[in-house]
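**Student:** From first to last, the protein sequence lines are chains A and B.
In this text, residue positions in the first sequence follow the working numbering: the first is 231, and each later residue adds one.
In this text, residue positions in the second sequence follow the working numbering: the first is -5, and each later residue adds one.
Cβ atoms here follow ideal geometry from the backbone N, Cα and C, with glycine treated the same way.
Values in this document were obtained by computation on a predicted structure and should not be read as measured data.
First the structure, which I've put down as structure tokens, then a few questions once you've had a look.
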Amino acid sequence: MATVLLEHLHPVQHRASHRRLALCHDCGRLSDEHELTCQCCSSEGLELVPHFGEIYSYTVVHQDSGSFVLALIRLTGGSLVTARIHADGHDLRIGLRVQFEANKSESVSRGLFFSPMGITNSYLNQ
Amino acid sequence: MRNVGILGVGQIPVGKHEAATIGALAARACRAALDDAGVTEVDAVFVGNMLSAEVTGQSHLGPLITSAVFHDHTESVAINAACGSGGAAVRQAALAVSSGVYDVVLVVGVEKMTGIPRDRLTRALASAADFEREVTNEASFVGLNALLMQRYLYEYNAMRLDFSVFAEVAHHNATTNPNARLRGGCEQEDYLTARMVADPIGLYDASAIGDGAAAVVLACPRYAARSRKDKVVVDLVGSACASDTLSLQERRDPLWLDAVEESTHAALDQAGLYHDEIDLFELHDAFTIIAALSLESGGFASRGMATKFAHQQGIHRQGKLPISTFGGLKARGHPVGASGTYQIVEATLQLRGEAGVNQVPSPSVAMTQNIGGTGATVVTHILKRSA
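This is how it looks when you write it as structure tokens:
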């Protein structure tokens, strides 16, 4: 817990809040790589969006292989994206602030992931 | 454009027909519709189907079915609009007759879904969603509808319990439909205690899959008058189709199905009718949330008020707007590419007064609405009993 609080107070996190993601409105690709054209569909219509958002809706999908959280995220700036959330469904609510996570999984090659913002931010947003 | 008459209807029970081929299922429904119409030849065959290529390995259903039923070289084509395939096939057939190109045509919707490994079926069904934006995030159809229902409960401060009425009414109507997949009924307690599939969608919020086929014979007025001299003729007086973004995330407002609004109003305008002249509505209750959104976006209930409308106005057979009169997709079953043709068959039986125990009192006008995806294709038809 204490480590999470310190990380969110650290000056590096403040600079990271200015990171932008590239959202392609033609195919929906959202990437944290700086692109001039979309790697998926070659569109030049990329919009830089903040890497924060809030949960517009979510559901816990139960499968034989386990559960996961599917969500619609409203990015700061207004666009909706479909994504999974790295969290237990019990801790989530519509309106909860989330942040983009680069997909580093070797087993999952596609899709967007978000995770809830730290406790400090959740407290400040109440 | 000429009027279009519905000459004949036929259907097979929605269920597990694992031993039968998809061609055989379709042929049974076709022959039933042709017998009902008193017709042995048609000018063209239109087939509605979504999954066959993926789950049975059989594509190209037009000639497969046509050559089995007619043994000649009748024109045939298959139409795929996901779960809206049946309605889309009826629309294309109606356009062919209405335009004057053909006098009499056969439409059949058919699907085989049972006996398929669940993950393969789930993947095939998910192809109706946006692959790049939704399926890459493991979004299944249940998941996408759960997102809608969750947001609905939040925006309108509603409860899951409010939706129970859609399940109760549909399942009750299916108990007396010998062609229905689920005939056991559903009480409120069943609805509330059923297991969650994707929160807040429980088992009774979702429709039953199954194998099925339903067929309709459409004809121009001159042909219809010759064939059904002493029988009630039902006319197709409105036919409209509208589309929307494939993905939920691109929708103008995810809780407002723009294509439902467009399609409903276009069909009503064609028919010269108003909402309160619709005596029954075979809507697309693949999920209870879609039933609610259809009533609101279609203009029957105010925004956020569909469940209140259902309780206060009545969606049961004696209510102000009966829906799912034979069980709907919910309980009669949802053999996805065929559901749209089942809707036309059931609405026709109601208007003819041939619905038996399921008869709605003296209906004159019926609306059917078949939806592909989460509202990306919406086909609306209005049927009217001839004077």
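Which residues mark the beginning and the end of the beta strand (DSSP E) in which Ser237/B is found?
**Tutor:** Looking up residue 237/B in the second sequence gives position 243. Val228 to Ser237 is the span of the beta strand (DSSP E), which, as asked, contains Ser237/B.
**Student:** Under 6 Å Cβ to Cβ from Leu28/B, same chain only, skipping five residues before and after it: list those, please.
**Tutor:** Here residue 28/B corresponds to residue number 34 of the second sequence, with the count starting at 1. If we look at Leu28/B and ignore the five residues flanking it on each side, it has no Cβ neighbours.
**Student:** Report all residues from its chain with a CB closer than 6 Å to the CB of Cys257/A; omit the five preceding and five following residues, and keep chain order.
**Tutor:** Locating residue 257/A in the first sequence gives position 27, counting from the first residue. Only Cys270 and Cys271 meet the Cβ criterion.
**Student:** Measuring straight from C-alpha to C-alpha, what distance separates Arg175/B and Arg112/B?
**Tutor:** In the second sequence, counting from the first residue as 1, residue 175/B sits at position 181. In the second sequence, counting from the first residue as 1, residue 112/B sits at position 118. Answer to the nearest angstrom: the Cα atoms are 18 Å apart.
**Student:** Between the segment 308 to 322 of chain B and the segment 191 to 198 of chain B, do at least 3 Cβ pairs fall closer than 8 Å?
**Tutor:** no
**Student:** Using a cut-off of 7 Å between C-beta atoms, extract the partners of Cys257/A located in chain B.
**Tutor:** As a first step, residue 257/A must be located in the first sequence, where it is residue number 27. Neighbours of Cys257/A on chain B, chain order: Glu126.
**Student:** Can you give me the Cβ contacts of Phe372/A inside the same chain, cut-off strictly under 8 Å, excluding the 5 residues immediately before and after it?
**Tutor:** The structure shown has nothing for residue 372/A, since chain A only spans 231 to 356.
**Student:** Starting from Val3/B, trace the alpha helix (DSSP H) in both directions and tell me its first and last residue.
**Tutor:** For the purposes of this step, residue 3/B is taken as the residue at position 9 of the second sequence. Where Val3/B is concerned, there is no enclosing alpha helix (DSSP H), although the beta strand (DSSP E) it sits in stretches over Val(-2) to Gln5.
**Student:** Taking a contact to mean a Cβ-Cβ separation below 9 Å, would you say Gly(-1)/B touches Asn364/B in this structure?
**Tutor:** Sequence index remark: in the second sequence, residue -1/B carries index 5 (1-based). Sequence index remark: in the second sequence, residue 364/B carries index 370 (1-based). In this structure, Asn364/B does not lie closer than 9 Å to Gly(-1)/B by Cβ.
**Student:** Measure the alpha-carbon distance for Cys268/A versus Ala123/B and round it to whole angstroms.
**Tutor:** For this step, residue 268/A is matched to residue 38 along the first sequence. For this step, residue 123/B is matched to residue 129 along the second sequence. The alpha-carbon atoms of Cys268/A and Ala123/B are separated by roughly 22 Å.
**Student:** Alpha carbons only, please: which of Thr187/B, His375/B and Lys106/B is nearest the one belonging to Ala87/B?
**Tutor:** As a working mapping, residue 87/B is identified with position 93 in the second sequence. Comparing Cα positions, the closest option is His375/B.
**Student:** Measure the Cβ-Cβ separation of Val101/B and Val41/B and say whether it is below 9 Å.
**Tutor:** Here the question's residue 101/B lines up with position 107 in the second sequence. Here the question's residue 41/B lines up with position 47 in the second sequence. Taking 9 Å as the Cβ cut-off, Val101/B and Val41/B qualify as a contacting pair.
**Student:** Apply the 10 Å Cβ neighbour rule to Tyr336/B and answer buried if 16 or more other Cβ atoms are within range, or exposed otherwise.
**Tutor:** Taking the first residue of the second sequence as position 1, residue 336/B is located at position 342. Classification of Tyr336/B: buried, given that the 10 Å Cβ count is 16 or more.
**Student:** Under DSSP, the alpha helix (DSSP H) around Tyr288/A begins and ends at which residues?
**Tutor:** Taking the first residue of the first sequence as 1, we reach residue 288/A at position 58. No alpha helix (DSSP H) holds Tyr288/A; the beta strand (DSSP E) holding it covers Phe282 to Gln293.
**Student:** Which residues, taken in chain order from the segment 262 to 278 of chain A, show a beta carbon closer than 9 Å to some beta carbon of chain B?
**Tutor:** Here the close residues are Cys270 and Cys271.
**Student:** Cβ of Leu262/B within 8 Å of any heavy atom in the ligand SAM?
**Tutor:** This structure lacks the ligand SAM, and indeed carries no ligand of any kind.
**Student:** What residue does the beta strand (DSSP E) around Pro346/A start on, and which one ends it?
**Tutor:** Residue numbering aside, residue 346/A sits at position 116 when the first sequence is read from its first letter. Where Pro346/A is concerned, the enclosing beta strand (DSSP E) stretches over Phe343 to Pro346.
**Student:** When DSSP labels each residue in this structure, what does Thr312/A get in the three-state scheme?
**Tutor:** By one-based count along the first sequence, residue 312/A stands at place 82. In the structure shown, Thr312/A sits in a strand (DSSP, three-state: E or B).
**Student:** Could you give the first and the last residue of the continuous alpha helix (DSSP H) run that contains Ser92/B?
**Tutor:** Stepping through the second sequence from its first residue, residue 92/B is reached at position 98. Ser79 to Ser92 is the span of the alpha helix (DSSP H), which, as asked, contains Ser92/B.
**Student:** Under 6 Å Cβ to Cβ from Ala332/B, same chain only, skipping five residues before and after it: list those, please.
**Tutor:** Within the second sequence, numbered from 1, the residue matching residue 332/B stands at position 338. Same-chain partners within the cutoff: Gly80, Gly103, Val104, Glu105, Gly206, Ala207 and Ala208.
**Student:** What residues in its chain sit with their C-beta under 6 Å from that of Glu255/B, if we drop five residues either side in the sequence?
**Tutor:** In the second sequence, counting from the first residue as 1, residue 255/B sits at position 261. Cβ neighbours of Glu255/B beyond the five flanking positions: Ser291.
**Student:** Rounded to a whole number of angstroms, what is the C-alpha to C-alpha distance between Pro355/B and Glu276/B?
**Tutor:** Taking the second sequence and counting its residues from 1, the one referred to as residue 355/B is at position 361. Taking the second sequence and counting its residues from 1, the one referred to as residue 276/B is at position 282. C-alpha separation (whole angstroms): 15 Å.
**Student:** Rounded to whole angstroms, what is the Cα-Cα separation between Ser221/B and Glu35/B?
**Tutor:** Translated into the one-based positions of the second sequence, residue 221/B becomes position 227. Translated into the one-based positions of the second sequence, residue 35/B becomes position 41. When rounded, the distance between both Cα atoms is 12 Å.
**Student:** Go ahead and pull the three-state DSSP assignment for Lys314/B.
**Tutor:** Taking the first residue of the second sequence as 1, we reach residue 314/B at position 320. DSSP places Lys314/B in coil when its eight states are reduced to three.
**Student:** Taking the DSSP output, what are the residues bridged to Ser261/A?
**Tutor:** Numbered from 1 along the first sequence, position 31 holds the residue referred to as residue 261/A. In DSSP, Ser261/A forms a bridge with Ala252/A.
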